[in-house]
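Quick mapping for you: the protein sequence lines, in order, are chains L and A. Sequential numbering of the first sequence, starting at 1, is according to this note's numbering. Sequential numbering of the second sequence, starting at 1001, is according to this note's numbering. From the three backbone atoms N, C-alpha and C, an ideal C-beta is built for every residue, glycine too. Keep in mind the model is a prediction, meaning the values are calculated, not measured.
Protein chains: 2
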Amino acid sequence: MSTDPLPFADEAGRPTLRTVAEMAGVHVSTVSRVLAPSLRPGVRTASKVTTERIKAIADSLGYSPNPIAAGLRTSRSSLVGVLVPRLTDIVLATIYEGIHEAARGHGYQTFVANSEDRQPEREAGAEMLLARRVDGLILGDCTLDSTFADSLQQRGIPFVLVSRRSGKHPAVVGDDYAGGRLAAEHLLSLGHTDVGIIAGEAYASTGVDRTAGFVDAYAKAGINIPDSRIVHSSFDVIGGREASTRLFASKPWPTALFAVNDFAAIGTFGTLRGLGLRAGEDIAVVGYNDTVLAAELPVPLTSVHSSMREMGEKAFELLLSRLNGEPVVSHIIPPTLVVRESSAGVRSTLCIGKN
Amino acid sequence: MSTDPLPFADEAGRPTLRTVAEMAGVHVSTVSRVLAPSLRPGVRTASKVTTERIKAIADSLGYSPNPIAAGLRTSRSSLVGVLVPRLTDIVLATIYEGIHEAARGHGYQTFVANSEDRQPEREAGAEMLLARRVDGLILGDCTLDSTFADSLQQRGIPFVLVSRRSGKHPAVVGDDYAGGRLAAEHLLSLGHTDVGIIAGEAYASTGVDRTAGFVDAYAKAGINIPDSRIVHSSFDVIGGREASTRLFASKPWPTALFAVNDFAAIGTFGTLRGLGLRAGEDIAVVGYNDTVLAAELPVPLTSVHSSMREMGEKAFELLLSRLNGEPVVSHIIPPTLVVRESSAGVRSTLCIGKN
DNA sequence: GTGGATCACGCAATCGTTTGTGCAAAGTAT
DNA sequence: ATACTTTGCACAAACGATTGCGTGATCCAC
């Protein structure tokens, strides 16, 4: 079944550069130059005929270069590290898939670590990735207040941010402010003057900017949203449930809800139901991210669509530019509003009657 | 701000073994033996005093070994590759988190690749991971029919399966057959005799076993579930919607639904709603996996709980045993049923009236 | 046909660790 | 004191790839 053991193969029996060189009757350095042509100018290649022969032999042997050995020599790993709060958050998982795909397309692989959105884990995760000698970092868990990104920059580590912005560091984010405004204008057009906001974590630019865009759009329409109508929360179902419970602790109830995250929006459904309110009938609910679930819920959820996959892809490309020493410019992806039944027909007057 | 450049540091300015050796006035080999003590018998270590001194210097320098260089020498990478259909599936993401955590606890890191449940991507992903010289593989996307695992075994590559079983290969899975039976017994106890099954992909043992357990439990109760009531689907919301649409294409309608995946169960909600049926009132719905969403949905979803995180952890431990040459025994995790409103009060008689 | 440029390739050092072997110094037994 | 074991460390050879430099051979112009 198995072929004869190759000469000069590695421990696992894989052909090495030497195997190919020996079979082609040339020196390993020639093989290396043929198989991993340096991009730099002034490097001389082999003749056409030798090149073809070497490539043919490498192909027939199924040679694949040992990235560990190459990495040792070049001190480049073709690896990028990705730090996310958690992969079980579908938003981050989708962004990560985008990063992963773009990286693959450029000969890179990705390494991911969860930070749980906690500083010790964040630092430990980054150090772990750096210990693995990643070429650069993509941070999906940056906080507004933290100096973590600053310290990375001081250390000269190439990185970009994704999803959340922080300071002036290069980042690929959605236009969260505009997204918040879209949600606000939609609810304003339906006549809602008393709205509640499930605002997400106060340290994440996503929630903060979406909330700001929403509040400002209301202000522009002459409506002030009091602080009591803005409740922070985690970006998940539990967070939405808890925040909405607080929002509905006393009357009058708002006639519409804006949650800065679809899962938080889903979390409000339980609360509403407990109060005898039906989303999409008695109260309007708008989420954010337009995750795959939004359209398929029992009550399809109106949501601000952000291209998460694209965000991941762009983030990798931005990091790649940075690694190549090219100028980097932050990228902002415009959102769109997808109106569905959770808000479509819920005009404010209907709700006011209920209260 | 920054300290003086270290002598014999690497390109990025990190201290190397040589830096430590030079400062301690000993040879690098001594430092290596102190800092990375070999487990093998017969290796001689340094004296207590030298050991302490070296460790102190390494600590103060913040030395961290270069895994690339170590990997080149030992041809071990302390890396395990994980192959999943997709990380945006929260079930796999949770399993992956479990793997990741367990790996970290043992000094390993993980590399993940998506296979999209397609054979070419599966092979490409595995080859990529192997090219990166992972020490072993954890496959979360094995199919029942495929010979992929067989071929890996023939090549002598250490691997274990997780979530899905295939052949006799070592695996960590939930007891899907028992889980299907739990769901069936619950619905039987509510008097449902005409049930539909959203069975998942025909190539995945999870869906197949859950369905078999369910069908067999019904058979035991003297009720035969016809093939027309068993519809295959993808393991996501869309799959649930499509499958349920087919199930309800003609009357009589089933009075209960068992979906082998929570997301597929959620997908049925849209269909049911379109037909004027309300899950938890007119029809009973049972899902599988008890994902975080299940409890928080507008209609909380009855679901079979499987410990996905634990599954991931155990899978890593199993792989570790295999890597250490210890005997490996497959592990089966028992499921439990969590009853919620989507089925709790839906007795069959109520539904029959509707039909 | 000679000088110089260019081409095609080999040589050898190197990346940072690990580990088999060698060898003094110290310890132990006689 | 001699012989013999143990201890504590240094030496050097790997691991597989990359790359600056050197060197013969070939080519072109004159």
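Can residue i and residue j be called in contact, C-beta distance under 9 angstroms?
{"i": "ILE138 (chain L)", "j": "VAL162 (chain L)", "result": "yes"}
{"i": "ASN324 (chain L)", "j": "TYR288 (chain L)", "result": "no"}
{"i": "GLY1098 (chain A)", "j": "VAL1134 (chain A)", "result": "no"}
{"i": "ASN66 (chain L)", "j": "LEU87 (chain L)", "result": "no"}
{"i": "PHE248 (chain L)", "j": "THR211 (chain L)", "result": "no"}
{"i": "SER1151 (chain A)", "j": "TYR1108 (chain A)", "result": "no"}
{"i": "ALA1036 (chain A)", "j": "ALA1070 (chain A)", "result": "yes"}
{"i": "PRO1359 (chain A)", "j": "VAL1049 (chain A)", "result": "Missing from the structure shown is residue 1359 (chain A); chain A here goes from 1001 to 1355 and no further."}
{"i": "ILE230 (chain L)", "j": "ALA183 (chain L)", "result": "no"}
{"i": "THR1045 (chain A)", "j": "VAL1034 (chain A)", "result": "yes"}
{"i": "VAL20 (chain L)", "j": "ILE57 (chain L)", "result": "yes"}
{"i": "LEU1297 (chain A)", "j": "PRO15 (chain L)", "result": "no"}
{"i": "ALA1148 (chain A)", "j": "ALA1126 (chain A)", "result": "A small correction: the amino acid at residue 1148 (chain A) is Phe; Ala does not occupy that position in the sequence shown. A contact, by the Cβ cut-off of 9 angstroms."}
{"i": "HIS232 (chain L)", "j": "ALA279 (chain L)", "result": "no"}
{"i": "GLU1430 (chain A)", "j": "SER75 (chain L)", "result": "A query on residue 1430 (chain A) cannot be resolved here, the shown segment of chain A reaching from 1001 to 1355 and no further."}
{"i": "PRO1268 (chain A)", "j": "SER1250 (chain A)", "result": "Residue 1268 (chain A) is actually Thr in this sequence, not Pro. Not in contact: THR1268 (chain A) and SER1250 (chain A) (Cβ atoms no closer than 9 angstroms)."}
{"i": "GLY1013 (chain A)", "j": "PRO1007 (chain A)", "result": "no"}
Looking only at its chain, what residues have a beta carbon closer than 6 angstroms to the beta carbon of residue i, apart from the 5 residues adjacent to it on each side?
{"i": "ARG1164 (chain A)", "result": "CYS1142, ALA1204, SER1205 and THR1206"}
{"i": "PRO1300 (chain A)", "result": "ARG1340 and GLU1341"}
{"i": "LEU1090 (chain A)", "result": "It should be noted that the sequence gives Ile, not Leu, for residue 1090 (chain A). THR1291."}
{"i": "LEU72 (chain L)", "result": "none"}
{"i": "PHE1263 (chain A)", "result": "ASP1236 and VAL1237"}
{"i": "ASN1224 (chain A)", "result": "none"}
{"i": "HIS1331 (chain A)", "result": "VAL1172 and LYS1314"}
{"i": "LEU277 (chain L)", "result": "ILE283"}
{"i": "ASN355 (chain L)", "result": "For ASN355 (chain L), the predicted structure reports a pLDDT of 41, less than 50, and the residue's modelled location is therefore unreliable. The matter cannot be settled from this model."}
{"i": "GLY1156 (chain A)", "result": "none"}
So who's on the other strand from residue i, going by DSSP bridges?
{"i": "TYR288 (chain L)", "result": "L:VAL304"}
{"i": "ILE266 (chain L)", "result": "DSSP, once it has assigned bridges, lists no residue as partnering ILE266 (chain L)."}
{"i": "ASN1114 (chain A)", "result": "A:VAL1084"}
{"i": "THR336 (chain L)", "result": "L:HIS305"}
{"i": "PHE1159 (chain A)", "result": "A:LEU1137"}
{"i": "ILE1230 (chain A)", "result": "A:ILE1197"}
{"i": "GLY1174 (chain A)", "result": "A:ILE1333"}
{"i": "ALA256 (chain L)", "result": "L:VAL195 and L:ALA284"}
{"i": "LEU1079 (chain A)", "result": "A:GLN1109"}
{"i": "ALA279 (chain L)", "result": "L:ILE283"}
Given residue i, which residues of its chain have a CB within under 7 angstroms of its CB, disregarding the five upstream and five downstream residues?
{"i": "GLY353 (chain L)", "result": "Interpretation of GLY353 (chain L) is limited by its pLDDT of 40, a score under 50 that renders its predicted location unreliable; no figure is taken from the coordinates."}
{"i": "LEU1275 (chain A)", "result": "PHE1248"}
{"i": "HIS106 (chain L)", "result": "LEU320"}
{"i": "ALA131 (chain L)", "result": "none"}
{"i": "TYR177 (chain L)", "result": "ASP209, ALA212 and GLY213"}
{"i": "GLU977 (chain A)", "result": "The displayed coordinates of chain A run from 1001 to 1355. Any statement about residue 977 (chain A) would go beyond what the structure contains."}
{"i": "LEU1017 (chain A)", "result": "VAL1028, VAL1031 and SER1032"}
{"i": "ALA1103 (chain A)", "result": "VAL1080, GLN1109, THR1110 and PHE1316"}
{"i": "ARG1246 (chain A)", "result": "VAL1231"}
{"i": "CYS1351 (chain A)", "result": "Reliability of the predicted coordinates at CYS1351 (chain A) is poor, the pLDDT of 44 falling under 50, and the value obtained from them is presented with this limitation in mind. Hits under 7 angstroms: THR1255, ASP1282 and ILE1283."}
Who are the near neighbours of residue i in its chain, counting only those whose CB is closer than 8 angstroms to its CB and skipping five residues on each side?
{"i": "LEU1187 (chain A)", "result": "VAL1195, ALA1256, PHE1258, ALA1284, VAL1286 and SER1343"}
{"i": "PRO1158 (chain A)", "result": "ASP1135, GLY1136, LEU1137, LEU1319, ARG1322 and LEU1323"}
{"i": "GLN153 (chain L)", "result": "PHE159 and HIS169"}
Would you grab the beta carbon distance between residue i and residue j for me? Rounded to a whole angstrom, and I think it's under 8 angstroms.
{"i": "GLU101 (chain L)", "j": "GLU313 (chain L)", "result": "7 angstroms"}
{"i": "PRO1334 (chain A)", "j": "ASP1145 (chain A)", "result": "Not confirmed; about 27 angstroms, so no contact."}
{"i": "ILE1266 (chain A)", "j": "GLY1240 (chain A)", "result": "6 angstroms"}
{"i": "ASP209 (chain L)", "j": "GLY180 (chain L)", "result": "7 angstroms"}
{"i": "ILE356 (chain L)", "j": "GLY140 (chain L)", "result": "No statement about residue 356 (chain L) is possible, as the shown extent of chain L runs from 1 to 355 and does not include it."}
{"i": "GLU1185 (chain A)", "j": "ALA1219 (chain A)", "result": "GLU1185 (chain A) to ALA1219 (chain A), Cβ: 12 angstroms. No contact."}
{"i": "GLY1294 (chain A)", "j": "SER1303 (chain A)", "result": "In the sequence as displayed, the identity of residue 1294 (chain A) is Ala instead of Gly. Right, their Cβ atoms sit about 5 angstroms apart."}
{"i": "ILE1054 (chain A)", "j": "ALA1024 (chain A)", "result": "5 angstroms"}
Quick check: the segment 1058 to 1065 of chain A against the segment 1110 to 1129 of chain A, are there 3 or more CB pairs under 8 angstroms? Using a C-beta cut-off of 8 angstroms, the segment 1058 to 1065 of chain A makes no contact with the segment 1110 to 1129 of chain A, since fewer than three inter-stretch Cβ pairs fall below that distance.
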